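Remarks on the structure that follows.
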Amino acid sequence: MSPLLPLRARHCLITGAYGGIGAAIASRFAAEGALVTLLGRKEDKLREVCAQLSSFRDTRLSPLSAASANTRPTTPGSDDEAVPAHSYAVMDLSADGRDEAILDHIWKRTGQIDVLVNAAGIAQFQLLQNTSLQAARELVDTNLMGTIFMSRYMAQRMKRRRADRDAMSREPLEKRIPLGRLGRPEEVADAAVFLAQNTYANNCVLNLDGGLSAA
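Residue numbering for the sequence shown follows the working numbering, starting at 1158 and increasing by one per position.
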């Protein structure tokens, strides 16, 4: 039996869905048999990506309403009447554009959202010393706070569905760590001092995980 979770008949919501990465993710999810909803700022680009997705052909999800911008009209009694279609919604994930009502509408139309992909983000091409505070605020507001907004919404919704997996005990995690225990605060402090004092350590990433990343 495959260890991978099948995506057929799963509903996937993708932010930043008309960017290169977001569009590629949407295409792959659709190819795997998932129902895809695209989220982004520009309707024309969302419509273009949506039109290129592989058709959704599974009847196990509740059908979308005809209010969906790209849902094809169906004939009563036809084979495709009960089959939902890929759709999109226009929303800006910056502070002024976040709107839970849009997400509520998506959830109501489909009855579920199984997968959230946070692909929305602003690219940063300037060195930090050349970046204005306004540009930094916009980057943090979209890339960080936008992701937190979407993830928080989904966590609340999934909890209502009793599908949350937030409750974790230490024991299962400790068993996965080769050293058999969680890290101690002083061990993190030692690493911070090392990085500050060692002049040859530049652009370093230290994995303080008890060997978990190498297991």
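Don't be surprised by glycine CBs; every beta carbon is placed ideally from N, CA and C. Remember, predicted model here, so these are calculated numbers, not experimental data.
What number of angstroms, rounded off, separates the C-alpha of Val-1345 from the C-alpha of Val-1362?
-> 13 Å
Do you know offhand how far Leu-1196's Cα is from Val-1274's?
-> 10 Å
Is there a Cβ from chain C that is less than 8 Å from the Cβ of Ser-1212?
-> Reference to chain C is not applicable here, since this structure consists of a single protein chain.
Per DSSP, the bridge partner or partners of Cys-1169 | Val-1193 and Val-1272
Buried or exposed by the 16-neighbour rule on C-beta atoms within 10 Å, applied to Tyr-1357 | exposed
Spatial neighbours of Leu-1170 within its chain, please: CB distance less than 6 Å, with the 5 preceding and 5 following residues excluded, ordered by chain position.
-> Thr-1194, Ile-1270 and Leu-1273
By how many angstroms is the C-alpha of Gly-1367 removed from the C-alpha of Cys-1207?
-> 44 Å
So the beta strand (DSSP E) Val-1247 belongs to, where does it begin and stop?
-> Note, Val-1247: beta strand (DSSP E), 1244–1247.
Report buried or exposed for Phe-1186, applying the criterion of at least 16 other Cβ atoms within 10 angstroms of its Cβ.
-> buried
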